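Below: the structure, in structure tokens.
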Amino acid sequence: MNSDSVAMTELHGKMQEQETVCIFGTGDFGRSLGLRLLQSGYNVVYGSRDPKNSLLLPKGSKVMAHAAAACEAHVIFVAVQREHYGFLKSLASTLAGKVLIDVSNNLRRGLYPESNAEYLSSLVPGATVVKAFNTISAWALQSGGLDANRQVLICGDRADAKQQVVDIAQSLGFTVLDRGSLRAAAELEDLPLQLFPLWRLPFCIAFCLTAFIFFYALTRDVIYERVTNGKDNAFRIMISLANRVFPIVSLVMLALCYLPGALAGFLQLYNGTKYRRFPDWLDRWMLCRKQLGLLALAFGFLHVLYTLVIPIRYYVRYRINVYVISLVKDNKTYEFDNTVAWRHDAYISMGILGFGLFVLLGITSLPSVSNSLNWREFSFVQSKLGYMTLLLCTAHTFLYGWDKFLRTSSYRWWMPPSYMLSLVVPCVVLILKLILIMPCVDRKVTRIRQGWERQSKTSSNCSDTKTNQPLMA
Amino acid sequence: MNSDSVAMTELHGKMQEQETVCIFGTGDFGRSLGLRLLQSGYNVVYGSRDPKNSLLLPKGSKVMAHAAAACEAHVIFVAVQREHYGFLKSLASTLAGKVLIDVSNNLRRGLYPESNAEYLSSLVPGATVVKAFNTISAWALQSGGLDANRQVLICGDRADAKQQVVDIAQSLGFTVLDRGSLRAAAELEDLPLQLFPLWRLPFCIAFCLTAFIFFYALTRDVIYERVTNGKDNAFRIMISLANRVFPIVSLVMLALCYLPGALAGFLQLYNGTKYRRFPDWLDRWMLCRKQLGLLALAFGFLHVLYTLVIPIRYYVRYRINVYVISLVKDNKTYEFDNTVAWRHDAYISMGILGFGLFVLLGITSLPSVSNSLNWREFSFVQSKLGYMTLLLCTAHTFLYGWDKFLRTSSYRWWMPPSYMLSLVVPCVVLILKLILIMPCVDRKVTRIRQGWERQSKTSSNCSDTKTNQPLMA
Amino acid sequence: MNSDSVAMTELHGKMQEQETVCIFGTGDFGRSLGLRLLQSGYNVVYGSRDPKNSLLLPKGSKVMAHAAAACEAHVIFVAVQREHYGFLKSLASTLAGKVLIDVSNNLRRGLYPESNAEYLSSLVPGATVVKAFNTISAWALQSGGLDANRQVLICGDRADAKQQVVDIAQSLGFTVLDRGSLRAAAELEDLPLQLFPLWRLPFCIAFCLTAFIFFYALTRDVIYERVTNGKDNAFRIMISLANRVFPIVSLVMLALCYLPGALAGFLQLYNGTKYRRFPDWLDRWMLCRKQLGLLALAFGFLHVLYTLVIPIRYYVRYRINVYVISLVKDNKTYEFDNTVAWRHDAYISMGILGFGLFVLLGITSLPSVSNSLNWREFSFVQSKLGYMTLLLCTAHTFLYGWDKFLRTSSYRWWMPPSYMLSLVVPCVVLILKLILIMPCVDRKVTRIRQGWERQSKTSSNCSDTKTNQPLMA
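Residue numbers (full-length UniProt numbering), protein chains in the order written: chain A, 1 to 473; chain B, 1 to 473; chain C, 1 to 473.
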């Protein structure tokens, strides 16, 4: 490489000593970007309306009027808000042939008919516009990309212009993902404005479920008591009722997180192929399984806390003390019931083990953990351990109920105890799964998932993207 | 860069407008890959046995017969299962000089004598085979690599072919790790089939320990009671016994996680150098310290939950109530014992602080957290805080036992209480560590770890790879 | 790409078959580096004082005397401790024109007046020195960069030399961040020696607060009791006192984590611009908000554990039993107080919900999670949910106190109950925030943060780096 490498560097644009980059706009983003560029060995020239009054710019950069600045460099960052793009039209001739990087974002979605980058391109048709860096915050630029998001998404119509932006982004320590032509700019500009899009459906489900179970339990436990016995139980809302609602919502949502996978399996069996698309609702459901599972875990976590504080509660201490006093006064004997002890301990134990596994599932779905697992490990954890969790939690609920469902006293106003409602979905899921793992069915499903079809015989790679994969991730 | 950069782009392969890439195989992986390539600005041509019937392919791609498709591109992805590789032989002349990327995986390990990539290379000797992308799932390709594993492992015999694959992978937003020549392909093909290889040994240890302690405690607490007093205590298995087994396993495994480091220190002292290899068993033990520690944390977590539910248990409430009733009836005075209060609170407090530190250790061993620490910070947390955790948990156990070991009644059938068993390993580790941190010994160990040797004097960099590093990570 | 790409590879240095790299030093780092370079397709030549006795070097590498080794390659890694740099002076003529990569670290900060890299450059003025890889451990090199820190920081004075180092680092699977000229080497050499620099201030605050609250509570609860009633309450230190100190420290630190943001808002209002720098103390405070928050969470976690063990404590069981016995003996009636039940349950419930949200904030501040959020999501979680947490925890404390502050008996030696102290800072923060979100003030603040100024009208990008961003991250 000795003599050759020196010759090579002359050819290579990146290696030219101190390439110059221009930045229009001296706001936060412009300044952070300039600082980072200077640190990475670029010359930086700012274009400003008022070069004399541009304070706080990083040391080592120059400030000029827009036109003069534009002449200094081939690549120009447009770090100006869209409303101020107007002045660029007058610079059109100066900017012809240059690469303009649009880094702008909007305050709301759908504010303008076309994306900022396409608007910029229409203003300066002679220049090549590349959309990039808009998902990176000024903060991420300043903090050296060490713990902030390091991925720069770019799009643009010309490959050579994009390559220059890729080079700059990589010099700055970012990784780059190309999202195609400038038509993708609208999508990129929407990204920073999204607010948990995948969480929306799970949140709705959680909210509706919580509201329904809450009013159901309220009717059974508080209103019924009030109407039939005239007792005021309203204080029970804060903890007793909460601790009735949370576990039910948690269990149902955990089951909902595994239901679509089971349904998909049956659908594939019915279709006899995995190459037919699932109905849209099933697709959308499957995409938010991870979020469903994590919400279920949050509710489960609250259930655990609410359960563990039980013995600290004033009401519980009162009840126990009154019971003991009555036992003493009435001189009754107090029998130990072995079956109750077994059942009670088993029910608590199932709950703890289920919760422990659930926490493990949650930890495994942390991005950095799931990234360090290979496919087989990930699906082992999310599928095998996931069903084990569901099984333990369902058993926990069954043991909690025990033989209550036989006693008529537990049906108030014909409403069964709320825990019984929570068992419907998990049981359906477990039964479906049981059918799917029966040897004869399993063999067929596995064959379908490996690419076999009932009619044709397309060759295909073995990894399955739909039903196996995103069980909870 | 102005005029120069344009000239440069002509030379640069990546910047040619729309490079064409061919994909053999229209299965899940082929389709996801094609979609991603299209998004990143490549032309995609599919090779298919039945071009007319290839549905669901991404928009913008073309489908042809294999031979025609192969002519369109220099780089060809072979996204076909190994069993169908046969047809490639007939295309050997068309494929000569091309770069074939083998992305295949097998269903089980050891299914074939040679790796798929080497088999492919033997079928088409004129082409250059590069193994790559087999650790990436179709899902990771689809989801844009944002939260799925972003590292592509590649291997191959020719550097220029590998460089072309590296360029494609980087354009797709992946990072690349070169694993050497095509002989490494077998190893790469095994990677997606591994199931927690580093966890196997720790799991075995945990399982054996749990089984042993369980049967030990079962004998002492349930069988002994049954045989000598005729009492049926079997219901205690669910919680009381579990809560005896979990903390013991947790403490012993935490100690086992620090034992190899201490042993290694003594071995280095004995050898007088750090450049002699450790025995194999010690090496293997040290490699799974993180896993040992995390399993210990899991058992500790269960111990905490099982302890916190104690006051909710039917059995415990029964016992307390019966006790109070008997006090009232017998009209006994109930004395407050200050020492017991101190001991009891101290024992609980140590446990809580130890568990708190343990959770901190666990959080620090999350990949994303440990990556953000430098070497000194990481070893401070895992070594200093780790030993502090061990010390607190051992103290917790000692205070729990207090003077029980003096009472003969606690030795049933000559078996000491189970908590005493759990103290052996931690005490050994703590004593070894105490010796190692004595100033005179410590000076010697530090010198050895900085590269000094008893006989020779090799210069070396100061970072130590064996004994300091992977204390728990 | 067909014929062209072959021509291209001839030009491209990276693609030449088997570039040779030289490593001076056969210590841990040198060996790990060599192994990794070999795996990535480089030829490796070691330079050693004693080539005959260099054992344990990776297979495939060659060992020579320093001068001979240096002739083999253009790029030379200097993996030797600074004290041994002397011999390089005699090789100055051989090394002229080469690229020397300084990978060294020191044992302590400030050991030498100039950085190792600058010292190396002064010893061999004819060579180009690049500082790199010093933040990467031998371990990270060995383990393939899969779960260790993958970012290589480099600095140096010549762009072409740096580019060669960048190419090598990327071939090895690392990402690179350029930190500028060789003057930055001192900073890079300090990085691996830092011990949680951002945590220092929060730790001091936590320590001082804990000490103060501890002695305050000790005086009120133990010493006062001893002096006035002669009762020995010292055993309460272990749990009761700890559980008084932890929640107070937690709440105050949580509030301290949101106070600077509120202050900054008022400062911007007062200045009428966001482009004036904040005073230094405010800047430093804002930079450690994440650490303040995480410490507050740790204290909160301990508070939860200390609270949940209450019913297990010997002292608590004793108190309850004595109370019940006294009730029975005195034949008193035991009235249920509905208000107390409400208040008690509400207070516990607020605490649980606050803690749940707090844990969520903590999870969101894990690097891998916060990286997967966009700007809007991150600020929603850290700002909206953060204030909600603060509100819930403050309400929890208020409900805990209830009307105690009215009773004179709770002022011992004129000292108010310790919980009252903890409410000062949170209330100040909540009131400041309340003012800031009043519509009239909010509109002004928003306008300022979007770049408007009272006097001038600079155009600026909309993302705000100071007050919105690092609320807890």
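Just so it is clear, CB atoms sit at the ideal spot from N, CA and C, and this is done for glycine as well. In this text the structure is predicted, and so the values were computed from the model without any measurement.
Length of the line joining the Cα atoms of Ser418 (chain C) and Phe246 (chain C): Spanning the two alpha carbons is a distance of roughly 11 angstroms.
Exposure label - Thr446 (chain B); buried when at least 16 CB within 10 Å: Its Cβ having fewer than 16 others within 10 Å, Thr446 (chain B) is exposed.
Is the shortest distance between the beta-carbon of Val222 (chain B) and the beta-carbons of chain A less than 9 angstroms? No, its Cβ sits nowhere closer than 9 angstroms to a Cβ of chain A.
For Gly272 (chain A), is the classification buried or exposed, using 16 other Cβ atoms within 10 angstroms of its Cβ as the cut-off for buried? Counting Cβ neighbours within 10 Å, Gly272 (chain A) comes out exposed, since fewer than 16 surround it.
Would you report the Cα separation of Pro113 (chain C) and His66 (chain C), rounded to the nearest angstrom? Note on geometry: alpha-carbon atoms of Pro113 (chain C) and His66 (chain C) lie some 27 angstroms from one another.
In DSSP terms, what Cys22 (chain B) is bridged to: Bridge partners of Cys22 (chain B): B:Val45, B:Ile76.
Could you pull the DSSP bridge partners for Asp178 (chain C) from this structure? Beta-bridge annotation (DSSP): Asp178 (chain C) is paired with C:Ile154.
Taking just the CA atoms, how far does Gly230 (chain C) sit from Glu335 (chain B)? Using only the alpha carbons, I get a separation of about 18 angstroms.
May I ask you to check if the CB of Val445 (chain B) is nearer than 8 angstroms to at least one heavy atom of the ligand ZN? The ligand content of the structure shown is nil, which means the ligand ZN is not present either.
Examine chain A for any beta-carbon lying closer than 9 angstroms to the beta-carbon of Thr20 (chain B), and answer yes or no. No Cβ of chain A is located within less than 9 angstroms of the beta carbon of Thr20 (chain B).
Where does the unbroken beta strand (DSSP E) through Ile431 (chain A) begin, and where does it stop? Where Ile431 (chain A) is concerned, there is no enclosing beta strand (DSSP E), although the alpha helix (DSSP H) it sits in stretches over 424 to 436.
Might you give, ordered along the chain, the residues of its own chain that have their beta carbon closer than 6 angstroms to the beta carbon of Ser115 (chain A), omitting 5 neighbours on each side? The residues are Ala185, Ala186, Glu189.
For the segment 319 to 328 of chain C and the segment 358 to 370 of chain C, state whether three or more C-beta atom pairs, one from each stretch, are separated by less than 8 angstroms. No, the segment 319 to 328 of chain C does not touch the segment 358 to 370 of chain C.
For the alpha helix (DSSP H) containing Ile248 (chain B), name the first residue and the last one. Counting along the chain, the alpha helix (DSSP H) containing Ile248 (chain B) begins and ends at 242 to 271.
Residue nearest to Tyr224 (chain C) in terms of C-alpha spacing, selected from C:Val424, C:Gly25, C:Tyr42, C:Tyr411: Of the listed residues, the one whose Cα sits closest to Tyr224 (chain C) is C:Tyr411.
Residues that Val130 (chain B) bridges to, as DSSP identifies them: When DSSP reads this structure, Val130 (chain B) sits in a beta bridge with B:Ile101, B:Gly156.
DSSP state of Arg276 (chain C) mapped onto helix, strand, coil: Secondary structure at Arg276 (chain C): coil, using DSSP grouped into helix, strand and coil.
What did DSSP end up calling Ala148 (chain C) once you bin it into helix, strand or coil? For Ala148 (chain C), the predicted structure reports a pLDDT of 48, less than 50, and the residue's modelled location is therefore unreliable. A value from the coordinates is still provided. Ala148 (chain C) carries a coil assignment under DSSP once its states are collapsed to helix, strand and coil.
Identify, in the order they occur along the chain, each residue of the same chain with its Cβ nearer than 7 angstroms to the Cβ of Arg317 (chain B), setting aside the five sequence neighbours on each side. The beta carbon of Arg317 (chain B) is closer than 7 angstroms to none in its chain, skipping five residues each way along the sequence.
Leu111 (chain C): which of C:Lys131, C:Val99, C:Glu83, C:Ile136 sits nearest, CA to CA? Leu111 (chain C) has its Cα closest to that of C:Glu83, out of C:Lys131, C:Val99, C:Glu83, C:Ile136.
Within 10 angstroms of the Cβ of Met253 (chain B), are there 16 or more other Cβ atoms? Answer buried if so, exposed if not. The residue is buried, with at least 16 neighbouring Cβ atoms inside 10 Å.
Tell me the rounded alpha-carbon separation between Asp167 (chain B) and Ala140 (chain C). Cα to Cα, Asp167 (chain B) sits roughly 24 angstroms from Ala140 (chain C).
Quick one: give me the first and last residue of the beta strand (DSSP E) that Val63 (chain A) is part of. 62 to 64 is the span of the beta strand (DSSP E), which, as asked, contains Val63 (chain A).
Is Met438 (chain C) buried or exposed, if buried means 16 or more other CB atoms sit within 10 Å of its CB? Exposed.
Indicate the three-state DSSP secondary structure (helix, strand or coil) for Arg108 (chain C) in the structure shown. In the three-state reduction of the DSSP assignment, Arg108 (chain C) falls in the coil class, being assigned neither a helical nor a strand state.
Taking Phe24 (chain B) and Ile76 (chain B) to be in contact with their CB atoms under 8 angstroms, please state how far apart those CB atoms are, rounded to whole angstroms. Right, their Cβ atoms sit about 6 angstroms apart.
Around the C-beta of Asp159 (chain A), are 16 or more other C-beta atoms found within 10 angstroms, so that it is buried, or is it exposed? With the sequence shown as reference, residue 159 (chain A) is identified as Ala, and Asp is not the correct amino acid for it. Flag for Ala159 (chain A) reads buried.
Given Ala206 (chain A), which residues of its chain have a CB within under 8 angstroms of its CB, disregarding the five upstream and five downstream residues? Correct list, in chain order: Val249, Met253, Leu295, Phe299.
Looking only at C-alpha atoms, which of C:Val124, C:Tyr216, C:Thr389 sits nearest to Gly354 (chain C)? Distances from the CA of Gly354 (chain C) to each of C:Val124, C:Tyr216, C:Thr389 were compared; the closest alpha carbon is that of C:Thr389.
Below 8 angstroms, how does it come out for the segment 306 to 316 of chain C and the segment 274 to 281 of chain C: are there three or more Cβ pairs, yes or no? No, they do not touch.
Could you confirm whether any beta carbon from chain A is found closer than 9 angstroms to the beta carbon of Thr364 (chain C)? Cβ-Cβ to chain A under 9 angstroms: no for Thr364 (chain C).
Should Val309 (chain A) and Ile352 (chain C) be called a contact, given that it needs their Cβ atoms to be closer than 9 angstroms? It is a contact, given that the beta carbons lie within the stated cut-off.
State the DSSP-derived secondary structure class of Arg407 (chain A), mapped to helix, strand or coil. It is coil, neither helix nor strand.
Against chain C, does Phe207 (chain A) count as a neighbour if the rule is that its beta carbon must be under 9 angstroms from one of theirs? No, because no Cβ of chain C sits closer than 9 angstroms to the Cβ of Phe207 (chain A).
Measure the alpha-carbon distance for Tyr387 (chain A) versus Gly293 (chain A) and round it to whole angstroms. Roughly 12 angstroms between the two C-alpha positions.
Please list, in chain order, the residues of the segment 238 to 268 of chain C that have any C-beta partner in chain B closer than 9 angstroms. Result list: Met238, Ile239, Ser240, Ala242.
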